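Visitor: Protein chains in written order, with the working numbering: chain P, 10 to 349; chain C, 10 to 349.
Glycine included, each C-beta is placed from N, C-alpha and C at the ideal position.
Remember, it's a predicted structure, so these values are computed and weren't measured experimentally.
Questions regarding the structure given below will be posed in turn.
2 protein chains.
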Amino acid sequence: MTENSENSARRPTIYDLAQIAGASPSAVSSILNGTWRKRRISAATAERVTRIATEQGYAVNLQASLLRRERSHIIGMIVPKYDNRYFGAIAERFEAMARARGLFPVITCTQRDPDLEFEAAREMVSYQAETLVITGATDPDRIADFCAAAGVRTINLDLPGSKAPSVVSDNFGGARDLTRLILSRLRDDFGEAAPLWFIGGRPHDHNTVERLRGFRAAHVEAGLPAPEAKVIMPGYSPDKAAEALAGQDLPPRFGIFVNSTITMEGVVRWLGDNLAMDRVRLGCFDWDPFAALLPQNVGMAEQDVPAMLQQVFDAIAGGTDQPTRIDVPCILHPLPARDS
Amino acid sequence: MTENSENSARRPTIYDLAQIAGASPSAVSSILNGTWRKRRISAATAERVTRIATEQGYAVNLQASLLRRERSHIIGMIVPKYDNRYFGAIAERFEAMARARGLFPVITCTQRDPDLEFEAAREMVSYQAETLVITGATDPDRIADFCAAAGVRTINLDLPGSKAPSVVSDNFGGARDLTRLILSRLRDDFGEAAPLWFIGGRPHDHNTVERLRGFRAAHVEAGLPAPEAKVIMPGYSPDKAAEALAGQDLPPRFGIFVNSTITMEGVVRWLGDNLAMDRVRLGCFDWDPFAALLPQNVGMAEQDVPAMLQQVFDAIAGGTDQPTRIDVPCILHPLPARDS
DNA sequence: CATGTGTGCTCAATCGATGTAGCAAGATTG
DNA sequence: CAATCTTGCTACATCGATTGAGCACACATG
């Protein structure tokens with residue numbers, strides 16, 4: 010393919026190309042970065058240099074290029090995990106949208122570790138990122154402060170912060186609608202609606218608080234008592250959820266509001282191992298294509314990732330750094346009854 | 010937090026810190042990158058400069074640093090998608106393992122687009138990546154050639170290539186074991202084992218070819234005819250799989266080998282909408298926690314992501330660039346019968 | 001033939017961090 | 001007390017690409 014084989018293993022630079030082409034490094038640079046017309050380089054030279062660059066397998070040294078340039082066009086994102094549908098979709102779409110806007114996306118994954126989150130943010134600043142999207146961070150304000158001092162704009166996604174614009178799901182509305190749906194399916198399938206269990210999340214997590222508010226609102230409007238004793242928030246982990254369920258005194262028929270797909274894994278595993286499926290109906294905040302096929306599952310509230318990222322990029326283009334908050338509606342998926 | 014607020018919005022450099030601290034840029038540099046002891050800078054000066062750097066919210070300019078340094082320690086990975094468990098887990102673990110080895114991981118997602126794959130590889134070379142892990146690429150050899158010319162080592166993951174070491178799942182063994190499992194469950198549940206359907210993948214995809222070989226081997230050893238007419242390879246998409254199933258003449262009871270979780274989405278959706286669950290048993294190559302809970306599912310062959318990445322990093326440390334191939338065994342998950 | 005206008009380039013400073021070579025002052029040795 | 005060593009720094013070239021300033025030549029104009 011590329012015929013750089015016989016000479017040095019080192020990567021060719023514009024100086025090497027200039028030597029071969031009998032031109033100056035400046036000319037080569039402008040030819041390769043597309044500014045040659047305005048620098049009045051002849052088409053013949055441009056063509057020759059371009060050909061030699063291809064032959065030599067030249068690729069610009071971004072470190073050198075970015076060091077010199079005014080702007081880096083790098084946009085960073087930190088994300089807690091890749092391995093679930095929600096954050097996976099966020100990462101994937103973020104990359105595509107950034108590229109479509111001529112930006113260089115750089116994503117890193119922080120394992121829900123606050124120290125790693127901060128280190129990752131520092132690394133993004135070191136990469137000369139111009140903007141950083143802080144997704145699902147434990148302490149977004151600490152990162153926002155650091156970035157502000159370094160002149161890097163930040164935007165919070167998924168979990169809000171108080172120092173920069175935040176784009177989050179309408180957790181209240183989504184949870185209220187999902188709760189309504191579960192209650193209505195209890196009425197249809199079991200003849201009456203009783204207060205639901207709420208499983209998963211943490212008591213001080215912003216999203217959990219909002220979802221719980223929506224959960225309660227739907228109970229109130231249905232004339233049901235707010236089921237305080239049935240609200241269990243042992244974190245998001247599957248095992249904790251299964252443990253918590255094991256400790257409950259469960260009636261013959263009941264409904265559950267599950268706070269995330271991660272939690273859902275534990276809930277459904279425990280139910281499958283311990284209870285007949287027709288005793289329970291549940292709904293889950295967040296979407297997963299396989300979870301949607303589980304027979305007990307009556308509905309899922311999908312967070313609208315494309316709409317959220319559109320808001321993120323709009324905020325970036327709009328240029329406001331005020332700590333505004335944008336709530337993006339969720340997409341409610343009622344699920345059909347599956348045969349048993 | 011950081012008290013850079015009143016002065017310029019520009020990021021502080023070692024020259025700014027040097028001025029404030031009354032030291033030279035060289036001293037500041039060596040203090041901040043940890044080489045100050047061997048350059049005989051006093052502990053007092055080091056402490057003072059470190060404090061000022063923190064106060065000013067200093068973060069090293071990686072572009073400048075990497076330009077000057079001999080080695081970048083950057084390791085790149087290109088990956089087709091983030092939004093399924095397999096590639097999500099690969100990306101996440103790759104980052105963690107790279108960091109644990111003192112490397113800078115940079116990952117980018119190529120949407121299964123051959124041109125984007127190549128562009129992404131070029132971008133990695135421009136970032137001065139020393140090594141590139143090419144995951145699930147359509148044309149790994151083209152990328153390997155380009156990287157070789159630029160002096161960048163490559164390793165293929167998931168799909169093998171002929172120009173660099175390749176780490177792939179033992180698709181043959183995994184498929185054979187999974188097929189055995191499905192056949193045995195057919196015998197247990199339905200009283201007899203009949204040849205299975207094989208759904209998903211592409212006829213020329215290396216992994217599909219190998220899995221089909223394992224599928225056939227298990228049929229042969231069970232004394233069953235190789236079921237050529239039941240092998241359907243319309244790609245991996247859920248919709249194609251559902252369409253294909255709709256066109257089949259299905260017996261009262263049967264089994265299916267599903268070639269990926271992506272395909273599985275379509276298969277299970279179609280079955281759930283169209284057939285009583287107890288007519289079918291299926292197994293799936295690849296693992297997903299929710300798919301594992303579906304009642305028809307009797308087993309999944311999980312690709313051993315940690316072991317594969319261990320092999321990748323071993324190959325990097327070992328320093329061989331020969332096009333060897335390492336097959337990593339899959340983890341077979343037999344699934345319990347779920348209540349109906 | 002002096003002056004002006006365009007064309008097609010080159011020169012050299014610059015971005016920020018690194019690292020080799022070396023300098024000045026004090027301490028130690030013979 | 002001169003020679004040597006040690007300590008604690010600084011000066012400067014360098015990495016590769018970019019870009020404002022400017023040079024040399026061709027050709028046209030009055």
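By the three-class DSSP mapping on this structure, what secondary structure does C/M10 have?
Guide: The residue you call residue 10 of chain C lines up with position 1 of the second sequence. Caution is warranted here: a pLDDT of 41 is assigned to C/M10, below 50, making its placement in the model unreliable, and no coordinate value can be reported.
Visitor: Tell me the rounded alpha-carbon separation between P/Y67 and C/Q137.
Guide: Start at 1 with the first residue of the first sequence, and residue 67 of chain P comes out as number 58. Start at 1 with the first residue of the second sequence, and residue 137 of chain C comes out as number 128. P/Y67 and C/Q137: Cα-Cα distance of roughly 12 Å.
Visitor: Nearest to C/E101 by alpha carbon, out of C/P315, C/R225 and C/Q28?
Guide: Here residue 101 of chain C refers to the residue found at position 92 of the second sequence. When only C-alpha atoms are compared, the closest one is C/P315.
Visitor: Which residues of chain C have a Cβ atom closer than 9 Å to the Cβ of P/F299, listed in chain order?
Guide: Counted from its first residue, the first sequence places residue 299 of chain P at position 290. Under the 9 Å cutoff, chain C gives T270, M273, E274, V277, D297, P298, F299, A300, A301, L302 and L303.
Visitor: Listing by chain order, which chain C residues have their CB less than 7 Å from the CB of P/Y91?
Guide: Indexing the first sequence from 1 puts residue 91 of chain P at position 82. What P/Y91 touches in chain C: Y91, G97, A100 and E101.
Visitor: Closer than 8 Å, CB to CB, is C/Y245 near chain P or not?
Guide: One-based indexing of the second sequence puts residue 245 of chain C at position 236. Not one chain P Cβ lies under 8 Å of C/Y245.
Visitor: Ignore the nearest five residues each way along the sequence and tell me which others in P/Q320's own chain have a CB closer than 7 Å to its CB.
Guide: Numbered from its first residue, the first sequence carries residue 320 of chain P at position 311. Only V176, I335 and V337 meet the Cβ criterion.
Visitor: Note down, in chain order, every chain C residue with its Cβ under 8 Å from the Cβ of P/E311.
Guide: For this step, residue 311 of chain P is matched to residue 302 along the first sequence. By Cβ distance, chain C contributes nothing, its closest Cβ being about 13 Å from P/E311, past 8 Å.
Visitor: How would you list, in chain order, the residues of chain C whose beta-carbon sits under 7 Å from the beta-carbon of P/C293?
Guide: One-based indexing of the first sequence puts residue 293 of chain P at position 284. Within 7 Å Cβ-Cβ: nothing; P/C293 doesn't reach chain C, min ~10 Å.
Visitor: Could you check if P/R194 belongs to the surroundings of the ligand GTP, using beta carbon to heavy atom distance under 7 Å?
Guide: The ligand content of the structure shown is nil, which means the ligand GTP is not present either.
Visitor: Is DSSP giving C/G97 helix, strand or coil here?
Guide: What you label residue 97 of chain C is simply residue 88 of the second sequence in a count that begins at 1. It is helical.
Visitor: Hey, P/I61 and P/I40 are a contact pair by Cβ (cut 8 Å); roughly how many whole angstroms apart?
Guide: Within the first sequence, residue 61 of chain P is the residue found at index 52, counting from 1. Within the first sequence, residue 40 of chain P is the residue found at index 31, counting from 1. Not quite, the Cβ-Cβ distance comes to about 10 Å (not below 8 Å), so this is no contact.
Visitor: Is P/W296 near P/H342, with beta carbons less than 8 Å apart?
Guide: Indexing the first sequence from 1 puts residue 296 of chain P at position 287. Indexing the first sequence from 1 puts residue 342 of chain P at position 333. Yes; because the gap between Cβ atoms is below 8 Å, this pair is in contact.
Visitor: Ends of the alpha helix (DSSP H) at C/S35?
Guide: As a first step, residue 35 of chain C is located in the second sequence; it is residue number 26 there, counting from the start. P34 to L41 is the span of the alpha helix (DSSP H), which, as asked, contains C/S35.
Visitor: Measure the alpha-carbon distance for C/A73 versus C/G327 and round it to whole angstroms.
Guide: Translated into the one-based positions of the second sequence, residue 73 of chain C becomes position 64. Translated into the one-based positions of the second sequence, residue 327 of chain C becomes position 318. Near 30 Å, if we compare the C-alpha coordinates of C/G327 and C/A73.
Visitor: So which residues of chain C does P/Q137 contact, with C-beta pairs closer than 8 Å?
Guide: Mapped onto the first sequence, residue 137 of chain P falls at position 128. Correct list: N70, L71 and Q72.
Visitor: List the DSSP bridge partners of C/E6.
Guide: The structure shown has nothing for residue 6 of chain C, since chain C only spans 10 to 349.
Visitor: Can you confirm whether the stretch 151-164 of chain C touches the stretch 192-205 of chain C when touching is taken to mean that 3 or more C-beta pairs between the two stretches lie within less than 8 Å?
Guide: Short answer: they don't touch.
Visitor: P/P204 to P/R185, Cα distance in whole Å?
Guide: On the first sequence, position 195 is the one that residue 204 of chain P refers to. On the first sequence, position 176 is the one that residue 185 of chain P refers to. Cα to Cα, the separation comes out at about 13 Å.
Visitor: Closest by CA to C/V143, which one among C/G160, C/T117, C/E79 and C/S135?
Guide: Position 134 of the second sequence, counted from the start, is the residue given in the question as residue 143 of chain C. According to the sequence as given, residue 143 of chain C is Ile; it is not Val. Selected option, being the one with the closest Cα: C/T117.
Visitor: Please give me, in chain order, every unbroken run of the beta strand (DSSP E) with length at least 3 that falls completely inside the stretch 125-209 of chain P.
Guide: 140-144, 162-166, 175-178 and 206-208
Visitor: Tell me the DSSP bridge mates of P/E311?
Guide: For the purposes of this step, residue 311 of chain P is taken as residue 302 along the first sequence, with counting starting at 1. Looking at the DSSP assignment, P/E311 forms a beta bridge with P/I340.
Visitor: Report yes if the CB atom of C/F294 is closer than 8 Å to the CB atom of C/V240, and no otherwise.
Guide: Numbered from 1 along the second sequence, position 285 holds the residue referred to as residue 294 of chain C. Numbered from 1 along the second sequence, position 231 holds the residue referred to as residue 240 of chain C. No, they are not a contact pair.
Visitor: Going by DSSP, which residues form a beta bridge with P/N306?
Guide: Here residue 306 of chain P corresponds to residue number 297 of the first sequence, with the count starting at 1. According to DSSP, P/N306 bridges with P/L291.
Visitor: Which residues mark the beginning and the end of the beta strand (DSSP E) in which C/I88 is found?
Guide: Translated into the one-based positions of the second sequence, residue 88 of chain C becomes position 79. Checking the sequence shown, residue 88 of chain C turns out to be Val, not Ile. C/V88 -> beta strand (DSSP E) spans I83 to V88.
Visitor: Note down, in chain order, each residue of its chain lying with its Cβ closer than 8 Å to the Cβ of P/P174, except the 5 sequence neighbours on either side.
Guide: Here the question's residue 174 of chain P lines up with position 165 in the first sequence. Closer than 8 Å at Cβ, skipping near neighbours: I164, N165, A324, T329, D330, Q331, P332, T333, R334 and I335.
Visitor: Determine whether the beta carbon atoms of C/L190 and C/G292 lie at a separation below 8 Å.
Guide: Translated into positions along the second sequence, residue 190 of chain C becomes position 181. Translated into positions along the second sequence, residue 292 of chain C becomes position 283. Yes, the Cβ-Cβ distance between C/L190 and C/G292 is below 8 Å.
Visitor: Can you tell me whether P/S269 is buried or exposed? The criterion is at least 16 other CB atoms within 10 Å of its CB, across all chains shown.
Guide: For the purposes of this step, residue 269 of chain P is identified with residue 260 of the first sequence, where counting begins at 1. P/S269 should be labelled buried.
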